[in-house]
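Please read the structure below before turning to the comments.
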Amino acid sequence: MQQDSAAAAFTAVTEHAVACEGEAMRDDMSEFEEFVAARQQRLLRVAFLLTRDHHRAEELLQDAFLKVYRRWRHEGLPEHSEAYIRRVMVNTYISTRRPRRSTEVPVHHGDLANEAGPSTPTDDGLLVWRALGVLSPRQRTVLVLRVYEGLTDDEIADHLNCATGTVRSLASRAYLTLRTNSELLDRAASVAKD
Amino acid sequence: MDSLDELLKDTMDLHARQATSPQLPARISRRLRRNSRLRAAGVSLIVAGTLTASLWGAAALRGGTVASQPAALATTGECAGLTILVGNPNPGEGSNRGPKEPVALRPGDNTLTMARQDYRWLQASGPCRDQLIVEAPGPVVGVAYVDAAHQADGAAAKRAPFDQAGSVSVATIFTNTTTDSTGQFTVRLTGPCDPGPCPPAATVQVTADGTVAYDGQLATPAPAP
Chain A
1 MQQDSAAAAF TAVTEHAVAC EGEAMRDDMS EFEEFVAARQ QRLLRVAFLL
51 TRDHHRAEEL LQDAFLKVYR RWRHEGLPEH SEAYIRRVMV NTYISTRRPR
101 RSTEVPVHHG DLANEAGPST PTDDGLLVWR ALGVLSPRQR TVLVLRVYEG
151 LTDDEIADHL NCATGTVRSL ASRAYLTLRT NSELLDRAAS VAKD
Chain B
1 MDSLDELLKD TMDLHARQAT SPQLPARISR RLRRNSRLRA AGVSLIVAGT
51 LTASLWGAAA LRGGTVASQP AALATTGECA GLTILVGNPN PGEGSNRGPK
101 EPVALRPGDN TLTMARQDYR WLQASGPCRD QLIVEAPGPV VGVAYVDAAH
151 QADGAAAKRA PFDQAGSVSV ATIFTNTTTD STGQFTVRLT GPCDPGPCPP
201 AATVQVTADG TVAYDGQLAT PAPAP
């Protein structure tokens, strides 16, 4: 019957395409997995500082690696691949208007209060962390790249695809917001009294 | 670095240390593999859809029997003859979920069984095939958006138009879940419907159950030496 022939042909072509893709994918995948494993920890921390949420940080990093993988398969990676991934991640973060609902359960939940480590957050640290959350995504991105990643303003401008002057303006407004944060001001006032 | 910068650095260092995820590389690998399977499905849809359409066309030219044609989704009006097939891309290889041959969508309610993190192609032929969109509000079922380069995107979209591929149009849905669960997707026609959007041409209740492995692809990464 013609329907059986069509279905059989469809199946054969599909199987062949998937098998070919599978073979090529296996070779690429192991190399890319090594690439991911070497960089994911550092980049996950940057993603967390941007998104301030474990779920979103993991999703952001996955999205970035997926985009990079697509380029890897077609063109190979550019020089300075880690900076490239960071740039992809930053731009994905800023361009996302609404966080996509995660359908997967994150594999780790960091609980600041329960973490046993050499240091625990001070009151000032918690205030600063909260104040960072008030900043706009672009302002927070500039501060994370400048303070945590140690990038220059020119490098940050390259990441954000904007002028260096824009980076300085964003940083300036971010610092002003932090310095005039009421909780931080109250804290500074109480320390001065003591 | 002034004192505020020092405080910022200390704060960021402390909070960033909390972000650890030992299983994240494996999760990324799984997503990349799903993306590649979807891309393969997208490419094969274009090729195989054209081939299938040729065979269907040949049957029509030879006066093939009506019984050999799949049931139409629309039987009256300007879209009479519109047909949508839902297919299992790897029917014979480890996939024991759902029918092994393509099945035609019926108007109204349909049911479909798939594996978890599995996918199906949708292939439309006949009139109005260029006016179709597929919608899946999630979270269990997602739409793989096929862009202009016919590359299926591994990210889950909520709706996407069917991609035009010659005499057929194609779309891909997948189960975006790691647990047995149920979801739904609908196929509807775009165009002026008064008032509001056109009603669904077909609704599919999806049961995601069990796992599936595809020949030629590793289900899990090979163990490190």
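Chains A and B supply the protein sequences, listed in that same order. Start counting the first sequence at 1; every next residue gets the next number (this note's numbering). Start counting the second sequence at 1; every next residue gets the next number (this note's numbering). All C-beta atoms in this analysis are idealised placements derived from N, C-alpha and C, irrespective of residue type, glycine included. All values derive from a computational prediction rather than experimental measurement.
Using a Cβ-Cβ cut-off of 7 Å, state whether A:Phe-65 counts as contacting chain B.
Within the first sequence, residue 65 of chain A is the residue found at index 65, counting from 1. True, the Cβ-Cβ gap to chain B drops below 7 Å.
C-beta contact flag for B:Gly-81 and B:Gly-126 at 7 Å:
Translated into positions along the second sequence, residue 81 of chain B becomes position 81. Translated into positions along the second sequence, residue 126 of chain B becomes position 126. Cβ atoms of B:Gly-81 and B:Gly-126: closer than 7 Å.
Separation of B:Arg-120 from B:Pro-200, as counted between CA atoms
For this step, residue 200 of chain B is matched to residue 200 along the second sequence. For this step, residue 120 of chain B is matched to residue 120 along the second sequence. Their Cα atoms are separated by approximately 19 Å.
Within the continuous alpha helix (DSSP H) that includes A:Ser-169, where are the two ends?
As a first step, residue 169 of chain A must be located in the first sequence, where it is residue number 169. Element bounds for A:Ser-169: 164–179.
According to DSSP, what are the bridge partners of B:Ala-160?
Along the second sequence, one-based indexing puts residue 160 of chain B at 160. Note: B:Ala-160 sits in a beta bridge opposite B:Val-134.
Could you work out which residues of chain B lie near A:Val-142, taking near to mean beta carbons separated by less than 7 Å?
Taking the first sequence and counting its residues from 1, the one referred to as residue 142 of chain A is at position 142. Correct list: empty, because the minimum Cβ distance to chain B is about 12 Å.
Span of the alpha helix (DSSP H) around A:Asn-91:
In the first sequence, counting from the first residue as 1, residue 91 of chain A sits at position 91. Looking at the DSSP string, the run of the alpha helix (DSSP H) that includes A:Asn-91 is 81–95.
Determine whether the Cβ of B:Leu-32 lies closer than 7 Å to any Cβ atom of chain A.
Your numbering for residue 32 of chain B matches position 32 in the second sequence. So yes, B:Leu-32 belongs to the interface.
Have a look at B:Asp-10 and B:Gln-23 and give me their C-alpha separation to the nearest angstrom.
Position 10 of the second sequence, counting from 1, holds the residue named residue 10 of chain B. Position 23 of the second sequence, counting from 1, holds the residue named residue 23 of chain B. Those two C-alpha atoms are separated by around 27 Å.
Hey, is A:Ala-37's beta-carbon within less than 7 Å of any beta-carbon in chain B?
The residue you call residue 37 of chain A lines up with position 37 of the first sequence. For A:Ala-37, the answer is yes, since a Cβ of chain B falls inside 7 Å of its Cβ.
Could you check what DSSP says for A:Asp-53 in three-state terms: helix, strand or coil?
On the first sequence, residue 53 of chain A is found 53 positions in, with the first residue counted as 1. Note: A:Asp-53 maps to coil in three-state DSSP.
Give the interface partners of B:Ile-173 over in chain A, defined as CB-CB distance under 9 Å, in chain order.
Walking along the second sequence from the start, residue 173 of chain B turns up at place 173. Chain A residues near B:Ile-173: none, gap ~14 Å exceeds 9 Å.
Are the stretch 76–96 of chain A and the stretch 136–146 of chain A touching, with three or more C-beta to C-beta distances below 8 Å?
yes
Cβ shell of B:Arg-17 (< 6 Å), same chain only, five flanking positions each side left out
Working through the second sequence from its first residue, we reach residue 17 of chain B at position 17. Nothing listed; no residue qualifies.
Can you tell me whether DSSP reads B:Ser-29 as helix, strand or coil?
Locating residue 29 of chain B in the second sequence gives position 29, where the first residue counts as 1. DSSP places B:Ser-29 in helix when its eight states are reduced to three.
With 16 as the cutoff for other CB atoms within 10 Å, does A:Val-134 come out buried or exposed?
Here residue 134 of chain A refers to the residue found at position 134 when the first sequence is read from its first residue. A:Val-134 comes out exposed.
Counting only Cβ pairs nearer than 8 Å, list the residues of chain A close to B:Asp-5.
For the purposes of this step, residue 5 of chain B is taken as the residue at position 5 of the second sequence. Result: Val-147.
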